[in-house]
Structures are given as structure tokens and as C-alpha cells.
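Engineer:
There are 4 protein chains.
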Amino acid sequence: MNKLRLGMIGGGQGAFIGAVHRLAAALDGQYELVAGAFSSNPDTSRTTGHLLGLAPDRVYGSYEDLITQEQARPAAERVQVISIVTPNHLHLAPAKLALESGFDVVLDKPMTFSLAEAKELAAVVAATGRRLCLTHTYTGYPMVKEARQLVAQGTLGRIRKVYVEYPQGWLSKFEEGGENKQAAWRTDPTKSGVAGAMGDIGTHAFNLLEYVSGLRVEQLCADINTVVEGRRLDDDGAVLLRLSDGASGVLVATQVAAGEENNVRIRIYGEKGGLDWMQADANTLLVKWLDRPTEIWRTGGPSVGSYARHNTRTPAGHPEGYLEAFANLYRNFALTLQAELAGQPAPPEALDYPSIEDGVRGMAFIENVIASGHSDQKWTEFTV
Amino acid sequence: MNKLRLGMIGGGQGAFIGAVHRLAAALDGQYELVAGAFSSNPDTSRTTGHLLGLAPDRVYGSYEDLITQEQARPAAERVQVISIVTPNHLHLAPAKLALESGFDVVLDKPMTFSLAEAKELAAVVAATGRRLCLTHTYTGYPMVKEARQLVAQGTLGRIRKVYVEYPQGWLSKFEEGGENKQAAWRTDPTKSGVAGAMGDIGTHAFNLLEYVSGLRVEQLCADINTVVEGRRLDDDGAVLLRLSDGASGVLVATQVAAGEENNVRIRIYGEKGGLDWMQADANTLLVKWLDRPTEIWRTGGPSVGSYARHNTRTPAGHPEGYLEAFANLYRNFALTLQAELAGQPAPPEALDYPSIEDGVRGMAFIENVIASGHSDQKWTEFTV
Amino acid sequence: MNKLRLGMIGGGQGAFIGAVHRLAAALDGQYELVAGAFSSNPDTSRTTGHLLGLAPDRVYGSYEDLITQEQARPAAERVQVISIVTPNHLHLAPAKLALESGFDVVLDKPMTFSLAEAKELAAVVAATGRRLCLTHTYTGYPMVKEARQLVAQGTLGRIRKVYVEYPQGWLSKFEEGGENKQAAWRTDPTKSGVAGAMGDIGTHAFNLLEYVSGLRVEQLCADINTVVEGRRLDDDGAVLLRLSDGASGVLVATQVAAGEENNVRIRIYGEKGGLDWMQADANTLLVKWLDRPTEIWRTGGPSVGSYARHNTRTPAGHPEGYLEAFANLYRNFALTLQAELAGQPAPPEALDYPSIEDGVRGMAFIENVIASGHSDQKWTEFTV
Amino acid sequence: MNKLRLGMIGGGQGAFIGAVHRLAAALDGQYELVAGAFSSNPDTSRTTGHLLGLAPDRVYGSYEDLITQEQARPAAERVQVISIVTPNHLHLAPAKLALESGFDVVLDKPMTFSLAEAKELAAVVAATGRRLCLTHTYTGYPMVKEARQLVAQGTLGRIRKVYVEYPQGWLSKFEEGGENKQAAWRTDPTKSGVAGAMGDIGTHAFNLLEYVSGLRVEQLCADINTVVEGRRLDDDGAVLLRLSDGASGVLVATQVAAGEENNVRIRIYGEKGGLDWMQADANTLLVKWLDRPTEIWRTGGPSVGSYARHNTRTPAGHPEGYLEAFANLYRNFALTLQAELAGQPAPPEALDYPSIEDGVRGMAFIENVIASGHSDQKWTEFTV
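Sequence lines, in order, name chains A, B, C and D. Per my numbering, the first sequence starts with residue 222, numbered consecutively. Per my numbering, the second sequence starts with residue 222, numbered consecutively. Per my numbering, the third sequence starts with residue 222, numbered consecutively. Per my numbering, the fourth sequence starts with residue 222, numbered consecutively.
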């Protein structure tokens, strides 16, 4: 089986998420990075390409060059998939051009700068028939997939309550003045959009909640704060949720929980039992019951179903981590595209990657939650 | 040093919390249970008294009898402290009569049936000059006391965020129809008051939050639910909080988190660091920092301050649990009363037990949170 | 039901374990401490007795006085049970005298100064028909009892492997020169006997292993070390074990594991599954299976059997700790004695306390393990 | 920078560790797999090569063909590194031929079939000047590297005690009769050598102990068992250790701990403090102190040193797992080889991969520990 030829937009030296995308794409040997426009600064792009061992003529100074020049290459040589890892305000244009030029796209989250842009992109996906994978990493964890399956199979009975939280501490101080590029753009409304923490990590929490529970947020009531003086976007928030099918929930996302790393967690309770998963112990899913002892379900362990197994590489007890979860998105996207190339249907486990629909809902979440934060009205309808 | 002579109102066979009060009072040998009106059913009261080894003439059929007849005994013999462990609607009358008859009182939470009753009781405490200890158990844990001290000393800098949660699962089904006495009265508005879960465990969470943070709830926005069909009071809720000094928070209390035991937890974050305590690992306080590794502070371990040490009985590594925490309330109350009897000032560590003021605020919480639950307005002022 | 009248030998101010015994005896209201010879220093004894609220005429200056003078009191008034909490070299004489004078005895571990003494005491117990409870605390934990039951019921299949460990760090430095009374006598061969760590905590580990597994140590091979310079007894050891029924095991006990508290732990594996219990998470028993997820069995939780339930005071989720475990020994001993007084058979759950036989085996362990430590021969027969 | 061209011997479909090597080599984009002799069955080899996207003319039917035919290719095209992932009895011959043919070698552990073979291989490495990396995975974890650094820097003072354990449960039943290829060869003395569990996982534990502590095993006393009936090699063992510099230790490795996954763990104690690391929580290193709270050092977190940082790919809180640890071996080996190709000295962090010396000591461990298991003598000298 031939590797998919991958191009990357963004991800020059010093960027965080570009490197993660490259690691994730490399792990399973299903992609070969052959081209890149790593930075709007041509020197940075060139240096990055050199360090990555790319042919100099496939390192570009702009995303337009990458797309148009790759398109001009022979079909057997040109990139097939383009990963876009730029800040939010630079998602739509390259994604649109890539799709319209016939490429499939991997796009970092949140999907776009605004909900309007998200809808525009959805229209392009629909019109072109190309595929888009949005990198909501946490849904790539085997035990998150297991959680979703257990809920979908009705193991917990009707769902009543969902708690999702994403506490970080890295923006506890005013970091955006200096060298910290991540802090700079993520707190800049011209680059991030209307939300800070809610866009950066709140969307992850939101996506995780809808993915695992299979429910939809219908109404929300948000307390959105900018805690650190001088900051221009929210760095903290908590949201009450009314979910479909009569359930309710709470979503917490903060970047000022001093001393916290990245411990995204979801707990979900139904009539018969509950589930508890957290990234800090990512290979464990606690399965709780009304009337018998809690069980520790483990990546690769007994009882887990086909989705979790499909997304696991090693036997139980060999911890799989963040990069493996991220790689699962790339891998499933590759399996889907390869099936398409082979004219075969992709298995459902392969099709289980975050898509354009997730992206549109994520952007809707951002706009709804920020609106609710500004509102004196208790409940805001979740509109898309 | 002579033991304090203790009488008990409520706590007959089959009751849960009465037995806990007796264990807690017994542990440190500072009380001797000598009298009781354990039930409104005289037979039950008598049997309970017999099993507890009380003299038959000090087992009473009503709280009035207990109070008046004990008062008639010689000073050196009559009870000095009365513990009231009846359901909420039967708190005020015996507490009032006991205080007015010159007895000090230990009272289970929530303090009364309503806020109006709480204020009435506060007036009685003020008028009589007697003392009242309210059994908010969780503030008796050594590491909760340590948390409060660390915050009070400014170790975390200004507090920004407080998360408190109390998930239980024991009311996941409709339990109140049958033999389960606890379920019966705790879900009965004529006995519990306007709140179910919010009164039973929400007040614990609220008290823990104000105790540890030293902050006050100023505004709240509540989502209050009755999840189980047929139930007459709330069994689930989540509350957004605006706290004094610009902080904010989230309070979660639920009794329908299937599979959860009793894992009350508080996390608090300031400018410089954070704290994390949970009952399931009660002898550990995680102390988190912006720029150095998280520390595991332990009951009896190095670094802990005078309040935690005062409330610890054994060297580090010998787990102290719920009964020890509960006993700390009784013990501190005894030390305070003994100091008073000896005409000496009680040390601050002894005075650190939940008081009438905590009780009034707890009842205000109940009424405010239920009102907010019914309101379409986002923020409700916390009024007392 | 009347309380049992308790006398105490040892446990004056400054002692550690005497206070623990008093807390444990008090918790369940089944004993009333009425007499004591708390110290060989009459002033210390008197002061301790005063602080504990004892009548001055029942505070004695020697154990002989306590025993003989209490025996001279009317039956309805004199002590019934005597707790002996002195250092090891002062166990046999008071225990013997107490038993021969008709009292039942609670005795701290290790049982005596030597195996010869242990056998002598066993003969006295047999001859007098009185009862003796040895305070191997850890077997009082509900989940340790559950572990024993699961093994006894064959849930794990035939047992193959047992690991028991007891790491402490408090003797990492030379502590015995100064104020630390605990360090002083526990490292003194004239007071502790032939073993230091192996006697102090190794016997606990040994007792736990035989209690839970139901197996007997048949051969051992020990590496016994004195790590801290100047120390006169062992402070560290590790032992390979051959157990009855073809099983094998490892026992580790050390007092120089710097930074460790008191985390005694046992793991046991059979053909079908395994168990894991540790004091640091005392209310949890991990139950592992060959072919299904690990389960978290909890004190007070679903599935636990009659022995664990009998030794539990509160519903699941209210942590029970070291003092409750210790109190379970006292409580079961009291239930046994009360049944005897009432002329009724004690239930098996009450009879489940560490006895003279455990004590004899514990002393045999000490002598065998120290002998093995000195031997060049690999396997030493476990002889009693 | 150009990728290193990699060839693989072994690792056909159905093999476990071959796939792991490929994932590990791929992750960081420093190798390109270009050739393979995946199986002695040419069909299997061909199919594997095809699935991996290799050119058909570089998929070989034997290791000899691979080595000789690759050597015949132009220097710019032929493989540079050869990974050998066959069972133990098929390590020496291909490794020797590869090294003698000028290739650098990655070799799975244990290094060879016997100590004699190991010494032979060491002589070849010395004679050829080629490099060899032995895949003792666990030393690739960032927090294991941090542990080693903390010990080396004297942070804990002189080391006194080391406990290392590797419990597994997967061989609790007789698995070797059927389809389970892993069980088949790992329990077969003609393929594994003189040891089963001690070779498969005992060597990992031994290597981890010597790597972290910096000490050397000098004497050992082993209890080696074959627990499962019909098995031909050991499946369980425990070993007392005398270490250099006066320290001592215990090593446990078992494959019959029913319900255990793969939880290799090391604890090490010195005069001033201790360390605790386990694979199940691989991103945490507990750092314990005599006189202050235990600290939780984390991958990517504050305080960690250059070796840990060098082996970390993502910010703190993004769990890195087994594959990342494995990939660190490949990555450091690549960095070393690339430095060599560039005529530059490799940084010490790159040179920190398990080497031929580790392999020789590992094989010596196997032979010494099995000999001790058969011996009646208590202590066996560790000879190489």
C-alpha cells in the first residue's frame, strides 16, 4: 500500500501544533510528508523544510504556491492531503482553496475564525465532495471511543448528566507580551476570533461531550471571564447545559487554574451507571454501576469493543498517549481515503474521525457561549 | 478532666446520622452519653437507650421531657450538651428549648427547615449566650483545615476560581416509596424543606467552599433538576457562583450520579497556585504551583500547620477518616466548652468548628439556590 | 448492654500506641476505661490518669498493684479487660499475671520478647481459659477481611503468589540518641528483642500474609540489614518465602525507605485472579481477573461479604481509617466477651480477631527470619 | 536532514514487537524503512513488505539475502541501519553479519541466546566499530531518565535500597500449546534460552535497576519458579540483590500475576529521599523527601532536567507512552549516527541509549539468576 503524500501549511519552527501533526502523521507510516508552506516567512519555511528533509522545490513561501504548484505536478507525485495548522484566522482561505483544488484536508481546531466562515467551508466541502478531518484529538483516544460505544449501546440507560472539564494553568499570568508565540496569538482577537479559552479548549470539551454522549447541546448559560488583567479574550468559563433527550450538564474550561496541566475529563451518568475518563490516566475508563463494583476498563484490555481495539496499537499495559490519539485521527482519515482510492467502502471504525459537522457545531458553540456570557438572560438557545 | 455529659435527641435504631454522632462523640473520650430521647416512639427510644447502656430513667419519650427533666437534675449530674439529630423540620424547636434551658447544642445540618427558622435560632443563640456547633463534617478533616490555612496565609495569592462538587448516586432510582427511611424523609418537602439534594449535600459543598476559600458567595445562577420521576424535591443541581473579591466558582451537587459514593471535592486556584482535596483521598492535599512540581501534603506529614496538626491523632500514614473528621467537630466543641468551664480562653484551633453563622448562611444558600433554579434571570443576589 | 470495664498497663503521656488503644476502645462505646498503671513513674501515671478523668484511687504505680488491687474490688466494679501497651520486654509478666488473675487481655504486638516467652504465654492462656487479643491492626480493615474471605471462598482459585510489603522511612537517620522515645526502645535489643524492623513491622506483614492467604510460611530466605550506622538492630529486610500448598511469596519490611509513611500493602494472585490492598487507600480492594476488567471493591459498597460489612460503620464513601480498623479488634473482642458473659456463642465475625496463635507464629517469624538473615544456607525451615 | 535508511529482519505479520519497532522508528521521521526480510517464509515476508509499501526488490526471503544484496547497492541507496526483531535464538547470526557488513544495528532484547553469544557479539562490535542499540524500552521514558539524573546528581544521597518489579499475568494459563505465537517461542528453551520470565521481563527489570541507580548487581539470591504445569521455562521469580556501594535490593518478575498488565515499577531510596516510577503512570515521577512533602515531577513539567526534556515531544499534560519511550531509543540512536555521519560529536543525551554493554550484563543476569535459582547456596556472585 502506498503512503499518502502529505503537504503542510503552517507549522514552521517554534510552532507547537505543526510538530504534533507531523508526529501523528508519521507514526503509522500512512503518510509521507513531501511538501510544505511552513511559514509566511520564506526563510522560516525553507529552513523548516530542510530540517524535515523535503526536496527544496517542494518547500513553498505561501499556501497559494503550495496548492497551485502541487496541483500542477503529475497526479502520481503531487500531494493528496493537505494539513493546515495555522492560527484560526488563517484556516478558511487555504482550506477552501485546497478543497476546491481537489485536495483532502486535515484542519486544526477550532475550525475557522467565525461561525459564518465555518458554514462557508461546509458549503465548499459539500460542493467539492472532498473530505475534511478536524483534529479534535481527544476523540482519538481508545477509551473515549469505548465510552461513546458504551453509551450508544445503552449500557448506562438513558443519559441524565454529563460533566466535562478542561482545566489548564498556562495562562495564569500575562504571557502574551513577550516571546510566547502560543500565548500571543491565542489571546489575540484578530487571530483567534471572539473567544480565547472557550475557542482553544472549550471547543475540545464541547466536542468531547457531544461525541461521547451522542446528545446535543440545546441551551446554555455561561459565565465567561477574563481573569488576567490586560488580556483581550476570555481565559476562563463555566457553562450550564441543557442537552437533548432531557439530560443536563456542566462544561468548565479555564486557562488560569494555576498548576494544572491539561487534564481534560468527562463524566457521564445514566439510569444504570456512569463513566469517568480523564486524559491524565488516558488508558483507563472507569465504568460505574448502581449495584456492583466499579470496573477499570483499559486500553487493550478485556471487554473493550471494536472501536477501541481498532484505535489501539499495543497490548494492554503499554500506555498509549496523546500522540497516539492524535495519530488515530490521521490513521482513520488515511484508511478512509485509501478505501476511497481503492473503490471500497471504508469500515465504520475508519469513518469515525471529527468532520466538518463537528467543526460547524464547534464554531456555533463559540459564538453561543460568548453571547451567553454577555447576556443577562439565563438560557441561550444553541443556534447554528 | 471530667467528661462532658451528653444527651441526644433523635438517633433511634435505624437512623444513620445518630449513630455517627455517637461514634464521633465517643472517640476522644470527652463526652459521656448519659441521656436520650431517641425517638418519638417511646418503645424505640427505650430500646435504643438500653442498647447504649443508659440508665432507664434517663431515656425519655420526647425532647421536652429530656430537656425539662434533665434541667431538674442536680448541676453535677445533668447533661451539659445536647445533640440534635432529627430530620430538618424537627431542629428548631428542640434546639431553641435546649439553648433557652441553658444547654449547649450540637445540631446536624442543614440547620433548620427554613431561613426564617435559622434567623430565629440565631437570635436565640445570641440572647442566651449558649454555644451551638453545626456538624458540617468535611471542615473537620485535617487537610481541609490545612487548605483553609494556606489560603488564609496568602500562599496561593489572590483566589480566582473555586470548584466544589458533591456527587452521589444513591437516589438514582425512586427509593422513597419503601423501607429506605433516609430516602423517605430527605425527599419529603414537609420534612426536608424546600430543597432535596441542595439541602442535604449542596449545603455541605457551599459550607466547604466558604470555609476553605474565606470568600463569600455574592451571586448565583442555578440549574436545579428533579431527575427521577415522581420525586418531590430536587435531586440534582449545578450552580455558577460569583464570589467576593472578584473570584468566581462552580458548585455541583447531585444524588443521581449512578455509581458515585460520596466524593465531595474542592479545588481552588489563586494567582500563584492551587489546591485539590477530595474525601476519597482525605489525607492528601495536592498543592499545585505555577512553576514547580505539585506537592502531596499529608495528614500528619511535614509542612502542615497548627490547625491540621491539632485535628490529627496519629502519625502520618495512618489514614484518618470520616469519623475522625466528625469527631474533630465534637472534640473542638468540647475543648471550647471545657475552656469556658475552666474560665480560660479557648485556643483558636478549638474555636474552629461550624457555628450558628455557618448555619444561617447555609439556609440562605438553600433558599437562594432554589429561587435561582426557578428564575429566568441569570444572576440572583445571595441574600440572607 | 453494660460497657466492659477496661484497665490499661503502659500508655503514659508521650507514648504513641497507648493513646491509639484508648481511641480504639472508646470509639464504639463498648469499653469504659476505669483504671490504669500508665507508667513505672508514679507521677506520670497519676498525671495521665487525671487527664483521662479516672478516679485517683484507680490509677496505680505498677502493673502488679493494678492487677491485685482491681482483683480485690467487688466483681461488679473491677476491671474486666486489661490492655497492655508497654514495650515488648514488658509484655509477658503483666499479661501472665493478668490472665492468671482472671482478666482477659488485649496485648500489643509483637506478642513477647522472644518465642520462648510466647510459648509460655500460650500455655497460660490454655491453662486459664482466659482470652487474649493481639493488636495486629491491619487485619481489622474491612477490605482486608473481604480479601481473606474471597481467598477462602476460592474466588481466585489456588493461590500461587503473595507479595507483602511494609515500607517506612522514619528511621532513615540515627534517631535513637535523643528525644525520640519510639526510636529509642524500638532499636534497643534489651527492649525489642532480637529484631528491629522485622519485629516492629515485619510481624505485621507476616501476620497479614498468613491471615489473608490462609497459607502458612514453611521456608524462608532472608536478607536482613542494618542500614543506619550505629543502629543495634535491623532496620531493613527482604524475605523470599515458600508457602504451604505450593505457593511462594516475598515479604519486604524496611524503616529506611526515606519519604515513605506507613504504606503496608498485600497482593495475592491465584489461578483465576488477584487482589491488591494497601493501607494508603484502605477502603479499596482491587479485584483482578484473568479475562475481565479489574473491579474496585469498596468498604460499604456492593458485593462485599458479611465479615467486611460487620466491620464497617458507615455507608460507602465515608472513609474508615486506621483507628476504625484498630477499633474493630477491640469491638470484636468485646462482642466475644459479651457473648461469653451472656452465655451465648459469639458469631464467627466477632471471633475473627488476632489471637495467641497469631502471636506465637509472629514470634516464630521473628526468630526464624533473623536466623535466616545470619545464615549462609538458602532456605531456613519455619519452625515454631 | 536525510532520513536514515532502515532494514528490518523479522517482524512479519502476526509478530508483536516488529510492529512496535516500525512505529517507533517512524514517529520522529528519522528513519525510512526501505528493506526487510520479515520472515523465513518468503510469502509472509513478501506480503508484509507489500503492506508496508516497500519496493518488491527490497523484500528478501532471508537475512543473508538482505544483508548481502543491500551491501551490493550503491552507498546512497542501501540501508544504513538494520533492526533485528527475531526470537532470541536468531539474534546473534544476523547481528554479527550485519555489523561485519558495515551496518549499524538495532537489536531487540534479551540480546542473545546465551552469555557466550553476547560476549561474541560484543567482540564483533568492538572489532567492527559499528554501533548497536538494544531496545530496553523502559529506559526511554523521560521520567526514568529524570530518575537516573536525580540519582547521579546525588539528590537522594547515597543509595541504600532499590526495589524493581515487573508483574504480568498473561502466562497464567498454559498458553503455549496453540495459536499464541508469543507464548510459544517465549516459553521454548530452544528459542528463548535458559530463561523464560527472567529473560523476557526480568532482564528489563535488571536493566532498569542498573540504569536508574547507577549501581551494579554484585550478588544475588533467586527463587525461580515454573508455576504453570507443563511449562518448560520459569514463569516467575524473585531475587534478593546485593548491589555495589553497599546498597541492596529486590527484583520481582512474574508472568502469572493474574490480572496484571505490564506494570514495571522502580523505587529507589537514599539517605535523603526516594523515587517511585511505574509504567502505568509513566509521566509521573514521585520524588520523596525525608522532611518535606512528596513532589510529583511530570514529563514536560517544571524542574526536570536536560535528559528528560530531550526525550519529550509535547508540553506537560499530554501523556507520552510506550511508543514514545521506544521511539526515544530509535531517535537517540539516529541522532548519534547522524552526528557521526556529520563528523560531529553526539550530545550526551543522544548517546544515552542501551548498548552492547547493557546487553552483555543482561545475558549475565539471566545466567546468574537461573544458576542461583538452582543453587542451595544463598548468595551467588554476579559474574560476567
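Every residue gets a Cβ at the ideal spot worked out from N, C-alpha and C, and that includes glycine. All values reported here derive from a predicted model rather than from experimental measurement.
Tell me, please, whether the region 323 to 330 of chain D touches the region 459 to 468 of chain D by the rule of three or more beta-carbon pairs shorter than 8 Å.
Structural biologist: Output reads no: the region 459 to 468 of chain D does not touch the region 323 to 330 of chain D.
Engineer: Roughly how many angstroms lie between the CA atoms of H425(A) and L550(A), to the nearest whole one?
Structural biologist: Between H425(A) and L550(A), the C-alpha separation is close to 14 Å.
Engineer: Are the CB atoms of S524(B) and W518(B) nearer to each other than 8 Å?
Structural biologist: Yes, they are a contact pair.
Engineer: Just to confirm the assignment: which complete beta strand (DSSP E) runs, minimum length 3, are found wholly within the region 470 to 558 of chain B?
Structural biologist: Taking only runs of at least 3 residues, the beta strand (DSSP E) segments lying wholly in the region 470 to 558 of chain B are 486 to 491, 494 to 499, 505 to 510 and 515 to 519.
Engineer: Between which two residues does the alpha helix (DSSP H) containing Y432(A) stretch?
Structural biologist: Run containing Y432(A): T424 to S434, per the alpha helix (DSSP H) assignment.
Engineer: Cα separation between E570(C) and E561(C)?
Structural biologist: Cα to Cα, E570(C) sits roughly 15 Å from E561(C).
Engineer: What is the residue span of the beta strand (DSSP E) that Q290(D) lies within?
Structural biologist: That residue, Q290(D), is in no beta strand (DSSP E); its alpha helix (DSSP H) goes Y284 to A293.
Engineer: Ordered along the chain, which non-local residues of its own chain (more than five positions away) have a Cβ less than 8 Å from that of V449(B)?
Structural biologist: Contacts found: L392, S393, K394, F395, D456 and V477.
Engineer: Check the Cβ-Cβ distances between E541(C) and every residue of chain B, and say whether any is below 8 Å.
Structural biologist: Taking Cβ atoms only, chain B reaches closer than 8 Å to E541(C), which makes this a yes.
Engineer: In terms of residues, what are the limits of the beta strand (DSSP E) holding P388(D)?
Structural biologist: It spans I380 to P388 - the beta strand (DSSP E) in which P388(D) sits, taken as one unbroken run.
Engineer: Can you name the residues that DSSP bridges to Q303(C)?
Structural biologist: Sequence check: residue 303(C) is Ile here, not Gln. In DSSP, I303(C) forms a bridge with G228(C) and V326(C).
Engineer: Rounded to whole angstroms, what is the Cα-Cα separation between Y432(D) and Y281(C)?
Structural biologist: Cα to Cα, the separation comes out at about 60 Å.
Engineer: Determine the DSSP secondary structure at V574(B), reduced to helix, strand or coil.
Structural biologist: The amino acid occupying residue 574(B) in the given sequence is Tyr; Val does not appear at that position. Coil.
Engineer: Check whether chain C comes within 8 Å of A497(A), counting only Cβ atoms and requiring the distance to be less than that.
Structural biologist: Checking the sequence shown, residue 497(A) turns out to be Asp, not Ala. Answer no: the Cβ-Cβ gap between D497(A) and chain C never drops below 8 Å.
Engineer: Examine the Cβ distances between the region 540 to 548 of chain A and the region 241 to 251 of chain A and report whether three or more of them are shorter than 8 Å.
Structural biologist: Yes, they touch.
Engineer: Can you say whether L496(C) is buried or exposed, counting buried as having 16 or more other CB atoms within 10 angstroms of its CB?
Structural biologist: Its Cβ being crowded by 16 or more others within 10 Å, L496(C) is buried.
Engineer: Compare the C-beta of G583(C) against all C-beta atoms of chain A and say whether one is closer than 8 Å.
Structural biologist: G583(C) does not count as touching chain A.
Engineer: Using C-beta distances below 7 Å, list every residue in its chain close to E602(B), excluding the 5 sequence neighbours before and after it, in chain order.
Structural biologist: Here the set comprises Q440.
Engineer: CA-CA distance, L311(B) and K412(B)?
Structural biologist: Taking the straight line joining both Cα atoms gives about 8 Å.
Engineer: Have a look at C442(A), F586(A) and G580(A) and flag the residue whose alpha-carbon is nearest the alpha-carbon of T358(A).
Structural biologist: It is G580(A) whose Cα lies nearest to the Cα of T358(A).
Engineer: So G231(B) and V306(B) are supposed to be a Cβ contact under 8 Å. How far apart are they, rounded?
Structural biologist: Going by Cβ atoms, the distance from G231(B) to V306(B) rounds to 4 Å, so yes, they are a contact pair.
Engineer: Quick one: list the residues of chain D neighbouring T535(B), beta-carbon separation under 7 Å, in chain order.
Structural biologist: Near T535(B) there are no residues of chain D at all, since even the closest Cβ is about 18 Å away, more than 7 Å.
Engineer: Can you check whether the C-beta of W518(C) is within less than 8 Å of a C-beta belonging to chain A?
Structural biologist: Interface residue, yes.
Engineer: Using only CA atoms, which one of V508(A), V473(A) and A240(A) lies nearest to E481(B)?
Structural biologist: Comparing Cα-Cα distances from E481(B) to each of V508(A), V473(A) and A240(A), the minimum goes to V508(A).
Engineer: Counting only beta-carbon separations shorter than 8 Å, does A216(B) have a partner in chain C?
Structural biologist: The shown model of chain B, from 222 to 605, leaves out residue 216(B), and the question about it has no answer.
Engineer: Nearest-angstrom Cα distance between G458(B) and T349(B)?
Structural biologist: In a straight line, the C-alpha of G458(B) is about 37 Å away from that of T349(B).
Engineer: Might you give, ordered along the chain, the residues of its own chain that have their beta carbon closer than 6 Å to the beta carbon of R267(B), omitting 5 neighbours on each side?
Structural biologist: Excluding residues within five positions, the ones whose Cβ falls inside 6 Å are V280.
Engineer: Taking the alpha helix (DSSP H) that R369(B) falls in, what are its first and last residues?
Structural biologist: Taken as a continuous stretch (DSSP letters only), the alpha helix (DSSP H) holding R369(B) covers P363 to A373.
Engineer: To the nearest angstrom, how far is it from the Cα of T408(B) to the Cα of S576(B)?
Structural biologist: Cα-Cα distance, rounded: 26 Å.
Engineer: By the three-class DSSP mapping on this structure, what secondary structure does R163(D) have?
Structural biologist: Outside the shown range of chain D, which is 222 to 605, sits residue 163(D), and nothing can be said about it.
Engineer: Taking Cβ to Cβ, would you say K366(D) is nearer than 8 Å to N553(D)?
Structural biologist: Cβ distance not < 8 Å, so K366(D) and N553(D) don't count as in contact.
Engineer: Starting from the C-beta of V473(C), find all residues in its chain whose C-beta is less than 6 Å away, skip the five residues before and the five after it, and write them out in chain order.
Structural biologist: Excluding positions up to five away in sequence, the list reads E386 and A459.
Engineer: Look up E298(B) in the DSSP assignment and say whether it is helix, strand or coil.
Structural biologist: Correct three-state label for E298(B): coil.
Engineer: Among P388(C), L436(C), L318(C) and V346(C), which has the Cα closest to the Cα of V372(C)?
Structural biologist: Of the listed residues, the one whose Cα sits closest to V372(C) is L436(C).
Engineer: Which of the residues in the region 475 to 488 of chain D, read from start to end, lie with their CB under 9 Å from any CB of chain B?
Structural biologist: Result list empty, no residue passes.
Engineer: Grouping DSSP H, G and I as helix and E and B as strand, with all else coil, what is V415(A)?
Structural biologist: Coil.
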